[in-house]
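One line per chain: the protein sequences are E and B, in this order. Once you know that position 10 of the first sequence is 13 in my numbering, the rest is easy, because the numbers rise by one and skip nothing. Once you know that position 159 of the second sequence is 199 in my numbering, the rest is easy, because the numbers rise by one and skip nothing. Below is one structure; the comments refer to it alone.
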Amino acid sequence: MIKVEHLYKKFGTNEVLKDITTEIKKGEVVSIIGPSGSGKSTFLRCLNMLEIPTYGTVVVNGQDLTGPKKDVQKIRQHIGMVFQHFHLFPHLTVLENLTYAPMKVKGEKKETAQEKARLLLKRVGLAEKEKAYPSSLSGGQKQRVAIARALAMEPDLMLFDEPTSALDPEMVKEVLDVMKDLAKSGMTMAVVTHEMGFAREVADRVIFLDHGVLVEEGQPAAFFNSPQTERARDFLEKVL
Amino acid sequence: MNLDFSQIVPYIPFMLEGIWVTLKFVFFAIILGSILGTVLALFKIGSIKPLRWFADAYTSIFRGTPLILQLMIIYYSIPQLTGYDISPFLSAILAFGLNSSAYISEIIRAGIQAVDKGQMEAAQALGVPYRAMMTDIILPQALKNILPALMNEFITLTKESAIVSTIGYLDLMRRAQVVGSDLFRNFEPLLFVGLIYWCLVMGLTVIGRMFERRLKQSD
Ligand SMILES: Nc1ncnc2c1ncn2[C@@H]1O[C@H](COP(=O)(O)OP(=O)(O)OP(=O)(O)O)[C@@H](O)[C@H]1O
Ligand SMILES: [Mg+2]
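Structure, rendered in structure tokens:
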């Protein structure tokens, strides 16, 4: 589904990602973890071209995003993204947040889009909020709407950048539950997270980044119980 | 105290007519300024460098020199350079329109840039094209930042409009001066038009507040 080869990203002279090579298979759930500033967000954003890689290739669904003939907009339609701070459209209702892109980008009819949106809202447990504006929702509700908004485009792949980091502790679970549900349904997911519990429980694979380098990757059980590298051991000691 | 308002009574219709004369050119200046200002703002946030430079230079010149000078230059230099005898009315619209477009472009640019960057990223991540993103997502939110400042600009323009009296345009201000020299008393007519200016500004302020309240409701 996603193939990343020798990916480099520089901001000016600051080399944030160094020679990252990895792969995410269809239906796989990958957790990306690492210290603050290690390049996790940047890596994720290179997967849908919110950041343009300095060097290297990113191939999604057989299409080379870094190649010369790329239609970034087209490719993004198949990649959903969920942000730490939700970024719901504040001037649109919850339902409109979900229907806007399918109607505008995919040309769906209003009725079709609304019907699908209502199903998605039901799935994330917010059916009764369709007429509400984002400002009246709690953080956990906002994030569930944001997930539903991304799903409304029927993506093949979902990217999550610390989806629970901006939430009050009591709201973390409701969002993680939606994500677990999504993982069970077979969605391909790349999740940057500080929730080690989620990584251990739900992920098929863990990628550990440090200072822009992919230091270690492996199955959660192996990674958490017996990390192979010094840096991963240090990191896990601090967070667990 | 030697105040006598009864003497200006016969001149009141003459002075009231000035409201219309002032509003007429202010109205056209605002239209011109808004259109030009929007175009300049798009230049400023766009990625085409020469257009950006042009818009920045334009803004710098019109904000960096006195409005009365710009007015005089337009009124006196156009006949001298082109032979076209430009009317005070047209000169006033041009000077105020060009001048306010510089300020309005800054207001719009700042309003757009104040919209959370995440909004743009969220739209991009959904595959929304640039134009649709601007008109459906960014501009409606920017409007909330823009409208109050824009209202202020219109109020300033209305007040500053009095300087067109210097090129002989028969606006409110000029009419007060005419009446003053007719009567050999300046204070009363000046006070009278002062009151009118104040009412105009208050009117604009009330309209602005109404707009703002409307916008807040949609939150
Ligand atoms: N747009 C940008 N311009 C310049 N530098 C940037 C930009 N975005 C990120 N960086 C830098 O890149 C480095 C990695 O940032 P990134 O946000 O990817 O880290 P992260 O692992 O997601 O950290 P966190 O856990 O704090 O979110 C940081 O040093 C950051 O300052
Ligand atoms: Mg980050």
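Even glycine gets a Cβ: it sits at the ideal position worked out from N, Cα and C.
Could you spell out where the beta strand (DSSP E) holding residue i opens and where it closes?
i	result
E/L162	L160 to D164
E/G221	V216 to G221
E/F14	I5 to F14
E/G59	Y58 to V63
E/V195	T191 to V195
E/L212	R208 to D213
Helix, strand or coil: which one does DSSP assign to residue i?
i	result
E/Y136	coil
B/A154	coil
E/E157	coil
E/Q87	coil
E/A130	helix
E/A39	The amino acid occupying residue 39 of chain E in the given sequence is Ser; Ala does not appear at that position. E/S39 falls in the coil class under three-state DSSP.
E/N17	strand
E/D74	coil
B/D211	coil
B/A216	helix
E/I27	strand
E/R79	helix
B/S145	helix
B/D44	coil
E/S34	strand
Residue i touches chain D at which residues, Cβ-Cβ below 9 Å?
i	result
E/A104	Among the protein chains in the structure shown, which are E and B, there is no chain D.
Please report how far the alpha carbon of residue i lies from the alpha carbon of residue j, in whole angstroms.
i	j	result
B/Q217	B/V233	10 Å
B/A154	B/A182	7 Å
B/L33	B/E228	Nothing can be reported for residue 33 of chain B, as the shown portion of chain B is limited to 41 through 259.
B/A69	B/P128	13 Å
B/Y143	E/V61	44 Å
E/N17	E/S41	12 Å
B/G220	B/N185	43 Å
E/L91	E/A135	12 Å
E/T25	E/K6	6 Å
B/G73	E/L68	43 Å
E/E219	E/R236	11 Å
E/D180	E/V127	9 Å
B/I59	B/M213	10 Å
B/G123	B/I203	24 Å
E/Y58	E/Y11	5 Å
B/L231	B/I177	47 Å
B/M173	E/A104	10 Å
E/H81	E/M4	11 Å
B/R254	E/M192	41 Å
E/V97	E/L124	9 Å
E/F238	E/T196	14 Å
B/S46	B/L223	11 Å
B/I108	B/T206	8 Å
B/T105	B/L197	16 Å
E/H88	B/M112	52 Å
E/R48	E/A155	20 Å
B/V66	B/N192	14 Å
Would you mind reading off the limits of the alpha helix (DSSP H) that contains residue i?
i	result
E/N100	V97 to K109
B/A182	L179 to E200
E/F238	E233 to V242
E/R203	M199 to V205
E/V181	P172 to K187
Could you tell me which uninterrupted beta strand (DSSP E) segments, each at least 3 residues in length, are contained entirely in the segment 85-130 of chain B, listed from first to last along the chain? none
Near ligand 1, which residues have their beta-carbon less than 5 Å from any of its heavy atoms, given in chain order? E/F14, E/V19, E/S39, E/G40, E/S41, E/G42, E/K43, E/S44 and E/T45
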